[in-house]
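Residue numbers (the numbering used here): 51 to 187.
Glycine included, each C-beta is placed from N, C-alpha and C at the ideal position.
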Amino acid sequence: MKPRAIIDIATLTGACSVALGSEAAAMMGNDDKLMNTLKAIGDETYERVWQMPLYEEYREYVKSDFADLKNTGGKTGSLVTAAYFLKEFAGDTPWVHLDIAGTAWTDKEMPYIPKGATGIGVRLLSNFLREMTNEDH
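Next comes the structure, spelled out in structure tokens:
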């Protein structure tokens, strides 16, 4: 199987909440076109995403003395190093990780979402899939 893209979405790190609050999900990936598309759709749907760097130097944070890599790089850079760990499994496939830790819950009601669990990603990914389907026809 050769997927056209991989998009994973998770409440992966508390560092996401610290960095971006509840206003945007953190986005990291290996494909600029895919990330730009998701950013544009996020702006349209109010499920905003903000691209964080995924520099090669972060690979050092997940190196391990006992395994191929470890799933935590410690506190320093944890938002990005958690995504870098996931990146190692995407290979050459266009891939994006969305860390929704800060956006999965809201303490205030907003015009487009009630107080509580936000369902972040539903509008973003459904619009993305609709756009991908339209490109195929």
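Practice problem: Taking all protein chains shown into account, decide if Phe116 is buried (16 or more other Cβ within 10 angstroms of its Cβ) or exposed. | Solution: exposed
Practice problem: Would you grab the beta carbon distance between Asn86 and Lys137 for me? Rounded to a whole angstrom, and I think it's under 8 Å. | Solution: That pair is no contact at about 18 Å.
Quiz item: Starting from Gly79 and walking both ways along the beta strand (DSSP E), at which residues does that stretch end?
Solution: Ala75 to Gly79
Self-check item: Where the alpha helix (DSSP H) through Asp118 begins and ends
Solution: Unbroken run through Asp118: none, as it is neither H nor E.
Exercise. May I have the straight-line CA-CA distance separating Ser72 from Met182, to the nearest angstrom?
Key: 28 Å
Quiz item: Taking contact to mean at least 3 C-beta pairs separated by less than 8 Å, is the segment 118-125 in contact with the segment 92-102?
Solution: no
Quiz item: Using the beta-carbon count (16 or more within 10 Å), is Leu84 buried or exposed?
Solution: buried
Quiz item: Is the CB-CB distance between Ala75 and Asp149 below 8 Å?
Solution: yes
Self-check item: Coarse secondary structure for Met102, derived from DSSP in three states
Solution: coil
Quiz item: Does the segment 52-65 touch the segment 104-114, meaning 3 or more C-beta pairs lie closer than 8 Å?
Solution: no
Quiz item: So Ile59 and Gly166 are in contact, right, with Cβ under 8 Å, and what is the actual spacing, rounded?
Solution: No, Ile59 and Gly166 are not in contact; Cβ-Cβ is about 18 Å, not under 8 Å.
Self-check item: Close Cβ partners of Val99 (< 7 Å) along its chain, the five nearest in sequence each way excluded
Solution: Ala74, Ala75, Met77, Leu88, Lys89, Gly92 and Leu148
Practice problem: Take Gln101 as the anchor and find which of Thr153, Val146 and Gly124 has the nearest alpha-carbon. | Solution: Val146
Self-check item: Cα-Cα separation, Leu129 to Pro103
Solution: 10 Å
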